Amino acid sequence: MADRIRIENVSKWFGDFQALKNVSLSVKEGEVVMVIGPSGSGKSTLLRCVNRLETVDEGRIWIDQDEVTDPRVDIRKIREESGMVFQSFNLFPHLTALQNITLAPIHVLREKKASAEKRAYELLERVGLKDKAHSYPAQLSGGQQQRVAIARALAMKPKVMLFDEPTSALDPEMVGEVLLVIRDLAEDGMTMMIVTHEMGFAREVGDRVIFMDEGRIIEENVPDLLFDHPQQKRTQDF
Ligand code: ADP
Ligand code: MG
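One point on numbering: in full-length UniProt numbering, the residue at position 167 of the sequence shown is 167, and numbering is uninterrupted.
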């Protein structure tokens, strides 16, 4: 299978502080890579470099044939190719669920309103929220808002999905419903990088797990081996 994401020798500094140290990683089409590691180890920074929310100082990143780290490649193209879901859902509060999902397809992809809405309803159904199309974010639970955020990212027909701790801001009883949606995407063959503290989920849904510490990937393996037979001494349990 072809690489969907290719990260080669990436380093990133914030002032004097080196947040990423020569990180290399490839994610194949349809593969789900879980990213784990202690707080401050560079997990979010790595994801943010993949969709150019951060620029890299050294190294190169590609999504398919498009080089993310080449400034000549249009940022809009990079953002269309990579759907990002954050810990905080960041829905537009004054727009309904449906309007949140159709906004970018209509204004960025220039889709017709009717076809964007048709697709939005399909996506809402997919995340189990068809009856909430006309609800505003404040009328939805955290888990429901995050599912709308996932539908919104999918509406751009991304080649890869990037999740940064998608359940960390949720009440415990809502974690499961969001993980279920992500699991469904995995079964559907979506290529994903997922930063998570949900170890059971990482183990079950991940094809591969990478463990980061202090800006480096210090271990990379299939989930069962990484969790049962860690090769590296870890600086902390988390
Ligand atoms: P993680 O997601 O693994 O918790 P991050 O990638 O958010 O870690 O951060 C890695 C390190 O880089 C941390 O020490 C953090 O303080 C630092 N860092 C992240 N973003 C910035 C920034 N914009 N400016 C300065 N330091 C940053
Ligand atoms: Mg983070």
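All C-beta atoms in this analysis are idealised placements derived from N, C-alpha and C, irrespective of residue type, glycine included. Bear in mind the structure is a predicted one, so any value in this text is a computation, not a measurement.
Item to complete: Kindly indicate the opening and closing residues of the alpha helix (DSSP H) around M156.
Response: By one-based count along the sequence shown, residue 156 stands at place 156. From DSSP, M156 is part of no alpha helix (DSSP H); its letter is neither H nor E.
Fill in: Own chain, CB closer than 7 Å to residue 252, minus 5 neighbours either side, in chain order
Since the displayed the chain opens at 1 and closes at 238, residue 252 lies outside it and no answer follows.
Worksheet item: Going by Cα to Cα distance, which pick from R152, P230, E111, P166 is closest to residue 239?
Response: The requested residue 239 is not part of the displayed model; the chain covers only 1 to 238.
Discussion item. By alpha-carbon positions, which one of L98, R216, I7 ends up nearest to K118?
Written reply: Sequence index remark: in the sequence shown, residue 118 carries index 118 (1-based). Closest option to K118, Cα to Cα, is L98.
Worksheet item: Looking at P38 and ligand 1, is the gap between the Cβ and the nearest heavy atom below 8 Å?
Response: On the sequence shown, position 38 is the one that residue 38 refers to. For ligand 1, at least one heavy atom lies less than 8 Å from the Cβ of P38.
Worksheet item: Does at least one heavy atom of ligand 2 sit under 8 Å from the Cβ of V195?
Response: Start at 1 with the first residue of the sequence shown, and residue 195 comes out as number 195. Yes, the beta carbon of V195 sits closer than 8 Å to at least one heavy atom of ligand 2.
Practice prompt. Could you work out which residue in G40, W13, G30, G59 is closest to D3 when comparing CA atoms only?
Written response: Position 3 of the sequence shown, counted from the start, is the residue given in the question as residue 3. Answer by Cα proximity: G30.
Worksheet item: Ordered along the chain, which non-local residues of its own chain (more than five positions away) have a Cβ less than 8 Å from that of V73?
Response: The residue given as residue 73 occupies position 73 in the sequence shown. Closer than 8 Å at the Cβ level, and outside the excluded window around V73, lie D66, E67.
Practice prompt. Let me know if R76 comes out buried or exposed under the rule of 16 or more other beta-carbons within 10 Å of its beta-carbon.
Written response: Numbered from its first residue, the sequence shown carries residue 76 at position 76. R76 should be labelled exposed.
Practice prompt. Using 8 Å as the cut-off, classify the Cβ of E198 as near or not near the heavy atoms of ligand 2, replying yes or no.
Written response: Here residue 198 refers to the residue found at position 198 of the sequence shown. Incorrect: E198 has no Cβ contact closer than 8 Å to ligand 2.
Worksheet item: Between L91 and G215, which are expected to be in contact by the criterion C-beta below 8 Å, what is the C-beta distance as a whole number of angstroms?
Response: Numbered from 1 along the sequence shown, position 91 holds the residue referred to as residue 91. Numbered from 1 along the sequence shown, position 215 holds the residue referred to as residue 215. L91 to G215, Cβ: 32 Å. No contact.
Worksheet entry | For G83, the nearest candidate out of E8, I218, M156, N221 (CA to CA) | Position 83 of the sequence shown holds residue 83. With distances taken between Cα atoms, G83 lies closest to M156.
Practice prompt. Rank L225, D184, F227, Q231 by C-alpha distance to the C-alpha of V32 and give the top, closest one.
Written response: Start at 1 with the first residue of the sequence shown, and residue 32 comes out as number 32. The residue with the shortest Cα to Cα distance from V32 is D184.
Worksheet item: Within 10 angstroms of its Cβ, does K112 collect 16 or more other Cβ (buried), or is it exposed?
Response: By 1-based counting over the sequence shown, the position of residue 112 is 112. Burial call: exposed.
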